[in-house]
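Notes follow the structure.
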Amino acid sequence: MARSNFTNDFSWSKSRHDKFQECPRAYYFYYYRSWGGWEARAEPEVRELYVLKKLSNRYSWAGSVVHDAIRDVLLDWRAGRAVDGTKVEEQALQLMRDDFRYSQGKGFWTQKYRKAFSGLVEHEYGEQVTNEEWRQNADTVRTALRWFFDSRWPELARGLKPDQWLEVDAGASFSTFTLDGVKVFAIPDFAYVEADGTPVVVDWKTGKVRDGYDEQVLGYSLYLSQRYGLPLEKVRASLVYLNEGQEQHVRVDVEAMEGFKARFTESVARMRELLADPATNTPRDASAFPPTEDSTACARCVFRRPCGREAAAKEV
Ligand code: SF4
-13 MARSNFTNDF SWSKSRHDKF QECPRAYYFY YYRSWGGWEA RAEPEVRELY
37 VLKKLSNRYS WAGSVVHDAI RDVLLDWRAG RAVDGTKVEE QALQLMRDDF
87 RYSQGKGFWT QKYRKAFSGL VEHEYGEQVT NEEWRQNADT VRTALRWFFD
137 SRWPELARGL KPDQWLEVDA GASFSTFTLD GVKVFAIPDF AYVEADGTPV
187 VVDWKTGKVR DGYDEQVLGY SLYLSQRYGL PLEKVRASLV YLNEGQEQHV
237 RVDVEAMEGF KARFTESVAR MRELLADPAT NTPRDASAFP PTEDSTACAR
287 CVFRRPCGRE AAAKEV
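Mapping the sequence shown onto my numbering, position 279 (from 1) lands on 265, and the numbers just tick up by one.
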């Protein structure tokens, strides 16, 4: 197999920042040491980290099934196609059954499956999850999709004219912008322009209502403003909690944006301090990325075995 021409360029995203905050060692494994693990000639350690980093937990898996289903529904409506909500729900649950079987057999070590799902950390580490807990996870998907189809969003989306649609989960190769010379990933779930010209960016959530998501949608707002040349102060950002049936509007104004940019600058500076060569995004030695002291983070971590924390994680 030919060597890949990809280069591991430095970029920033809210999820990268979160990983860095939670555990510098996990950040190192995820963004540096696992690089190239897809290649046939990869060292076994690199290969292992690469397979592990692609695993989800059951909550993010449920969230991703819901996001993908809603993305496909919106794309159908955008193209003028009819959608049957019951079928969407059945297909999502069937997909979960297939995913579960693949993951339970740990197929991720030997076979490719589907791009958006590579297996579950619960199966890899033999975590004790009851059938009832798995059922609840499927219920999260069912409830979220049912709420979505009964909400104001289907009518709103079907009523948009072609030039009112901006984006539907366009993916990492499309949804980026540059801030202070750094490539920033910001992939909104849904973005459109209201009839009065107000740009709206929407983020679907399957978890409980909680603080801490503002930063993510502020990034989406900056992205939208840059990509489409829209005035930033006009953008309206919405967090839609599908399982709680609630919507939250996030203030996008000069003060909020200044706060976002200041935190972004600090985050980038701290990440760059750990580079031996910022020009090539080459990290310092692993010892510069200390493991966290927080064992609850280890208990959730996909890297707990190569990190030597598997036994400790079981005691949490
Ligand atoms: S097991 Fe714990 S210390 Fe090790 S990478 Fe994961 S979170 Fe960090």
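Each residue gets a CB set at the ideal place from its N, CA and C atoms; glycine is no exception.
Relative to the ligand SF4, is the shortest distance from any of its heavy atoms to the C-beta of residue i smaller than 6 angstroms?
{"i": "T164", "result": "no"}
{"i": "A297", "result": "no"}
{"i": "R290", "result": "yes"}
{"i": "T278", "result": "yes"}
{"i": "R2", "result": "no"}
{"i": "R11", "result": "yes"}
{"i": "A285", "result": "no"}
Cutting at 6 angstroms between CB atoms, please list the residues of its own chain near residue i, excluding the five before and the five after it.
{"i": "Y209", "result": "F163 and A172"}
{"i": "A(-12)", "result": "Bear in mind that a pLDDT of 42 at A(-12), under 50, signals an unreliable position, so the number given afterwards is only what the model happens to contain. No residues qualify anywhere along the chain."}
{"i": "Y206", "result": "A172, P174 and V187"}
At what residues does the alpha helix (DSSP H) containing residue i begin and finish?
{"i": "T251", "result": "V240 to R258"}
{"i": "E75", "result": "G71 to Q90"}
{"i": "D58", "result": "R44 to R64"}
{"i": "P140", "result": "W139 to R144"}
Can you say whether residue i is buried or exposed, counting buried as having 16 or more other CB atoms within 10 angstroms of its CB?
{"i": "W95", "result": "exposed"}
{"i": "N123", "result": "buried"}
{"i": "S104", "result": "buried"}
{"i": "K147", "result": "exposed"}
Do you know how far the Cα of residue j is from the Cα of residue i?
{"i": "H53", "j": "N229", "result": "13 angstroms"}
{"i": "W120", "j": "F134", "result": "22 angstroms"}
{"i": "M257", "j": "A68", "result": "46 angstroms"}
{"i": "G157", "j": "T184", "result": "23 angstroms"}
Grab me the residues of residue i's own chain with a C-beta within less than 8 angstroms of its C-beta, minus the 5 sequence neighbours each way, in chain order.
{"i": "D(-5)", "result": "K169 and N267"}
{"i": "F6", "result": "Y13, S253, R256 and M257"}
{"i": "G193", "result": "Y45, G49, Y227 and N229"}
{"i": "V32", "result": "R19, S20, W21, G22 and G23"}
In chain order, what residues of the same chain have a beta carbon less than 7 angstroms from the beta carbon of residue i, not counting five sequence neighbours either side?
{"i": "A283", "result": "E8 and C9"}
{"i": "V51", "result": "A78, L81, M82 and V127"}
{"i": "V288", "result": "L38, K39, L41 and V107"}
{"i": "V221", "result": "P185, V187, S207, L210, S211 and V238"}
Could you spell out the range, first to last residue, of the beta strand (DSSP E) harbouring residue i?
{"i": "E153", "result": "W151 to V154"}
Any beta-carbon of chain C closer than 7 angstroms to the one on residue i?
{"i": "S20", "result": "The structure shown has no chain C; it contains just one protein chain."}
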